[in-house]
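**Student:**
Residue numbers (the working numbering): 471 to 762.
1) Does DSSP put residue 588 in a helix, in a strand, or in coil?
2) So the candidates are 735, 563, 544 and 622; which of them puts its Cα closest to the Cα of residue 578?
3) Alpha carbon to alpha carbon, how far is residue 501 from residue 747? Give it in angstroms, no decimals.
4) Please state if the CB of residue 711 and the CB of residue 495 are separated by a distance shorter than 8 Å.
5) Roughly how many angstroms lie between the CA atoms of residue 744 and residue 723, to the nearest whole one?
6) If you compare alpha carbons, which of 548, 491, 593 and 560 is closest to residue 529?
7) Is the number of C-beta pairs between the stretch 549 to 567 and the stretch 652 to 670 that are closer than 8 Å three or more?
8) So what does residue 570 bridge to, in DSSP terms?
9) Quick test of your reading: residue 682 and residue 699, contact by CB under 8 Å. State the CB separation rounded to the nearest angstrom.
10) Counting C-beta neighbours from all protein chains within 10 Å, is the total for residue 627 16 or more, i.e. buried, or is it exposed?
11) Between residue 487 and residue 655, what straight-line distance do the alpha-carbon atoms span, to the nearest angstrom?
12) In the stretch 598 to 633, which residue ranges form an unbroken alpha helix (DSSP H) of at least 4 residues, counting only runs that do not cross its ends?
13) With DSSP run on the structure shown, which of helix, strand or coil describes residue 685?
14) For residue 641, name the three-state secondary structure that DSSP assigns.
15) Under 6 Å Cβ to Cβ from residue 766, same chain only, skipping five residues before and after it: list those, please.
16) Pick helix, strand or coil for residue 560, following the three-state DSSP scheme.
17) On the criterion of 16 or more Cβ atoms from any shown chain inside 10 Å, does residue 761 qualify as buried, or is it exposed?
18) Taking the straight line between their C-alpha atoms, what separation do you get for residue 759 and residue 605?
19) Hey, would you say residue 669 sits closer than 8 Å to residue 531, going by beta carbons?
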């Protein structure tokens, strides 16, 4: 076996896994705070990529400013979706909220196709192109830098989640909404904060993913794999999203190179099936027991 080639493939898989992990954290953030399974997370990611195209290419703004505006646009999108589509349904049947997020995904795709058409688009050059070597192993520069940036963003988010006052409120609400209310925490505001932060993280992941493979109105399919990631890791576990994202990214990369791209999803959903059979609550998720 060519171990150097396997190492290169593994590094590429880790790069993909970093994007899965970043988007997975956005998914978990919403679920922990509001108990909403947001199937529109892939489309929120897509909107972030197209906002960057609009600001960077359409308006010819400096790339650093285009990134900031795209991230803020993603946060605003998350806030608006929570206030207009999700909040009126809080307390309703979870299936109703679940179906609304599916509807939101279709609406976002339609809006993107109306504004930018359905044709694939390339993002303005954002990431360095200089070759990257780790030892003798070559790593595609866009993959390398996307992983580094994703890891850095996740690290900053975890620090904020741990020490920032808003992060403390998020953790308190996720742990016990009733107790959070009793302590004077504005829980509805926390819901909006969770969706806004998730929109920002998703937009960042969309920019990085678009920088690697371009943008299209079908980018939301990425969210299906992210759903697998968070189910495997545990719907309410940030650590699970991180580790499962890296694991599935690596497995897909190795399977795609050695067996063919058509086998990537086979292995992804096989992992999901095994985890659901052995630990239905995920590798690091909370096991919830309900009295019937």
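Note that beta-carbon positions come from the ideal geometry of N, C-alpha and C, so glycine has one too.
**Tutor:** Judging by the given coordinates:
1) As a first step, residue 588 is located in the chain shown; it is residue number 118 there, counting from the start. In the structure shown, residue 588 falls within a coil segment according to DSSP collapsed to helix, strand and coil.
2) Sequence index remark: in the chain shown, residue 578 carries index 108 (1-based). Residue 544 is the option with its Cα nearest to residue 578.
3) Position 277 of the chain shown holds residue 747. Position 31 of the chain shown holds residue 501. The alpha-carbon atoms of residue 747 and residue 501 are separated by roughly 22 Å.
4) Within the chain shown, residue 495 is the residue found at index 25, counting from 1. Within the chain shown, residue 711 is the residue found at index 241, counting from 1. Annotated as proximal: residue 495 and residue 711, with beta-carbon spacing under 8 Å.
5) Residue mapping note: residue 744 aligns to position 274 of the chain shown, counting from 1. Residue mapping note: residue 723 aligns to position 253 of the chain shown, counting from 1. For the pair residue 744 and residue 723, the Cα-to-Cα distance works out to about 19 Å.
6) Position 59 of the chain shown, counted from the first residue, corresponds to residue 529. For the residues 548, 491, 593 and 560, the minimum Cα distance to residue 529 belongs to 593.
7) Because the criterion of three Cβ pairs below 8 Å is met, the stretch 549 to 567 and the stretch 652 to 670 touch.
8) As a position in the chain shown, residue 570 is number 100, starting the count at 1. Residue 570 is not bridged by DSSP to any residue.
9) Here residue 682 is taken as the residue at index 212 of the chain shown, counted from 1. Here residue 699 is taken as the residue at index 229 of the chain shown, counted from 1. Actually they are not in contact, since the Cβ atoms of residue 682 and residue 699 sit about 18 Å apart, beyond 8 Å.
10) On the chain shown, residue 627 is found 157 positions in, with the first residue counted as 1. That one is buried.
11) On the chain shown, residue 487 is found 17 positions in, with the first residue counted as 1. On the chain shown, residue 655 is found 185 positions in, with the first residue counted as 1. Residue 487 and residue 655 have their C-alpha atoms roughly 35 Å apart.
12) Complete alpha helix (DSSP H) runs here, min 4: 611 to 633.
13) Taking the first residue of the chain shown as 1, we reach residue 685 at position 215. Here residue 685 carries a strand assignment [DSSP, helix/strand/coil].
14) The residue labelled residue 641 in the question sits at position 171 within the chain shown. Residue 641: helix per DSSP, three-state reduction.
15) Since the first residue shown for the chain is 471 and the last is 762, residue 766 is missing from the structure and cannot be characterised.
16) Here residue 560 is taken as the residue at index 90 of the chain shown, counted from 1. Of the three classes helix, strand and coil, the one that applies to residue 560 here is coil, per DSSP.
17) Working through the chain shown from its first residue, we reach residue 761 at position 291. Because the pLDDT of residue 761 is 42, which lies under 50, any placement of that residue in the model is unreliable, and the question is left without a value.
18) What you label residue 759 is simply residue 289 of the chain shown in a count that begins at 1. What you label residue 605 is simply residue 135 of the chain shown in a count that begins at 1. Annotation note: pLDDT 47 at residue 759 (below 50); position unreliable, coordinate value reported separately. Pairing residue 759 with residue 605, the inter-Cα distance amounts to about 49 Å.
19) Position 199 of the chain shown, counted from the first residue, corresponds to residue 669. Position 61 of the chain shown, counted from the first residue, corresponds to residue 531. Not in contact: residue 669 and residue 531 (Cβ atoms no closer than 8 Å).
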